[in-house]
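S.K.: Residue numbers (this note's numbering): 192 to 498. Just so it is clear, CB atoms sit at the ideal spot from N, CA and C, and this is done for glycine as well. Sharing a structure with you now.
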Amino acid sequence: MMNEHKWSESDVPDQSGRVAVVTGSNTGLGLDTARVLAARGAQVVLAVRNADKGKAAADQIRRSVPEVQVAVQQLDLGSLEAVRAASAELRAAHPRIDLLINNAAVAFPPKTTTPDGFELQFATNHLGHFALTGLLLENMLGVDGARVVVVASLDHKLGGAIHFDDLQWERRYSGALAYAQSKLANLMFCYELHRRLSRSGAPLIAVTAHPGYTKSDLFRNMWKPVQAMMKFSDRFIGQDPAKGALPQLYAATMPDVRGGQYWGPGGFLEMAGRPTLVRSSKRSYDQQTQQRLWTVSEELTGVTYPI
């Protein structure tokens, strides 16, 4: 493995001939991930909720890296109908998909229910990506070197559990705890997907990563005093999105990466630094809970996997 303390985006291997779908790629981590993959030769699809913002992001990438291949796919992960429509368009346009980077997220919104009746963060961060991955999987299963990268968060440790008795936060609501649950679900989904792919013998792998403490507008819905504190701490420990994207870029492209791994920054408390292998919470590795979450996710989305 390359020395993780020196690894940077310039070390991303050539991606020519590969098709990469990156969700939430009109800003922040997703935009920098898409920019680097495109610069290294990949055909990149910006899968975003707002098509106009996606087009602006594509133009931004083209200005920074001329002659890249960048397309925009409208995708609202908070609507299962929209996920199915976008998946059908992606399958038709790209019979071969090499990379699916499940990066999009919402964090700490006021209590919001999606058209499908789900809490917004659980719907967008987990269920939408669960459905999208399952619907695109047939276009990835036979592709050597294909990868599903699930972007998690250090915040997965704050919630402690998957609240199966109140998944949609109908009895109580905490934006922070609901976000933490959705990020724990991301990890459990990835680990269970890895195990199922391994049993199937597919050349596709599933791997997860987190960005550490990254300056982002993701937390714009937080309580104002907390936002003020974060802006202060950003000056000292916050990474810019280009550095925060390094773990997911490493997970997506480096040859030493194996299925089921978790990559994050190698610095103090995993808040910053170059990509390295890390460990998620003890609870995230509970296989019984992973399998239960998978079954519930199939029931809620109506999506079953072809493995």
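1) My understanding is that Gln359 touches Phe313, with C-beta atoms under 8 Å, so please give their C-beta distance in whole angstroms.
2) Enumerate in chain order the residues of its own chain whose CB-to-CB distance from Tyr476 is below 6 Å, with the five nearest sequence positions on each side excluded.
3) When the distance is taken between beta carbons, is Ile396 closer than 7 Å to Val340?
4) So, does the segment 367-384 touch the segment 434-446, judging by three or more C-beta pairs under 8 Å?
5) Leaving out the 5 sequence neighbours to the left and right, which residues in its chain are closer than 6 Å to Val469 when beta-carbon positions are compared?
6) I need the straight-line Cα distance from Ala442 to Asp357, nearest angstrom please.
7) Can you list, in chain order, the residues of its chain whose CB lies under 7 Å from that of Ile252, leaving out five sequence neighbours each side?
8) Give the secondary structure of Gly350 by DSSP, where H, G and I count as helix, E and B as strand, and everything else as coil.
9) Hey, Ala371 and Leu349: beta-carbon distance below 7 Å or not?
10) Between Ala352, Ser278, Val342, which lies nearest to His401 when the distance is taken from Cα to Cα?
11) Give me the residue from Val210, Thr444, Asp307, Pro301 with the minimum Cα distance to Glu490.
12) Taking a contact to mean a Cβ-Cβ separation below 7 Å, would you say Thr324 touches Val297 in this structure?
13) For the beta strand (DSSP E) holding Arg386, just list the boundary residues, first then last.
14) So, at 8 Å on beta carbons, what are the nonlocal neighbours of Val487 in its own chain, with the 5 sequence-adjacent residues on each side left out?
15) Report yes if the CB atom of Glu329 is closer than 7 Å to the CB atom of Pro204, and no otherwise.
16) Quick one: Cα of Tyr364 to Cα of Thr304, how far?
17) In whole angstroms, what separates the C-alpha of Thr492 from that of Leu311?
18) Measuring only the C-alpha atoms, how far is Lys415 from Leu281?
19) With DSSP as the reference, label Glu489 as helix, strand or coil.
20) Can you list, in chain order, the residues of its chain with a C-beta nearer than 6 Å to that of Gly458? Leave out the 5 residues immediately preceding and following it.
21) List the DSSP bridge partners of Pro456.
22) In the DSSP assignment, find the unbroken beta strand (DSSP E) run with Leu290 in it and report its ends.
23) Straight-line CA distance for Glu383 to Val274?
M.R.: Quick answer:
1) In this structure, Gln359 and Phe313 form a Cβ contact; the two beta carbons are roughly 7 Å apart against a cut-off of 8 Å.
2) Within its own chain, no residue has a Cβ closer than 6 Å to the Cβ of Tyr476 once the five positions on either side in sequence are excluded.
3) Contact flag unset, no.
4) Touching, no, given that fewer than three Cβ pairs across the two stretches are closer than 8 Å.
5) Hits under 6 Å: Tyr453, Gly455, Glu461.
6) Cα-Cα distance, rounded: 33 Å.
7) Non-local C-beta neighbours of Ile252 in its own chain, meaning closer than 7 Å and more than five positions away in sequence, comprise Ala225, Arg226, Ala229, Val259, Val261, ordered along the chain.
8) Three-state DSSP puts Gly350 in a helix.
9) Yes, Cβ-Cβ distance for Ala371 and Leu349 is below 7 Å.
10) The residue with the shortest Cα to Cα distance from His401 is Val342.
11) For Glu490, the closest C-alpha among the options Val210, Thr444, Asp307, Pro301 is that of Asp307.
12) Going by beta carbons, Thr324 and Val297 fall outside the 7 Å limit.
13) Where Arg386 is concerned, there is no enclosing beta strand (DSSP E), although the alpha helix (DSSP H) it sits in stretches over 366-391.
14) Shown here for Val487: same chain residues with a beta carbon closer than 8 Å to its own, the five before and five after excluded, namely Phe355, Leu358 in chain order.
15) It is not a contact, given that the beta carbons lie outside the stated cut-off.
16) The straight-line gap from Cα to Cα measures roughly 12 Å.
17) C-alpha separation (whole angstroms): 14 Å.
18) Annotation note: pLDDT 49 at Lys415 (below 50); position unreliable, coordinate value reported separately. Linking Lys415 to Leu281 through their CA atoms gives a straight-line distance of about 39 Å.
19) Glu489: helix per DSSP, three-state reduction.
20) Closer than 6 Å at Cβ, skipping near neighbours: Gly464.
21) In the DSSP assignment, Pro456 is bridged to Pro466.
22) Per DSSP, the continuous beta strand (DSSP E) segment holding Leu290 begins and ends at 290-293.
23) The C-alpha of Glu383 lies about 21 Å from the C-alpha of Val274.
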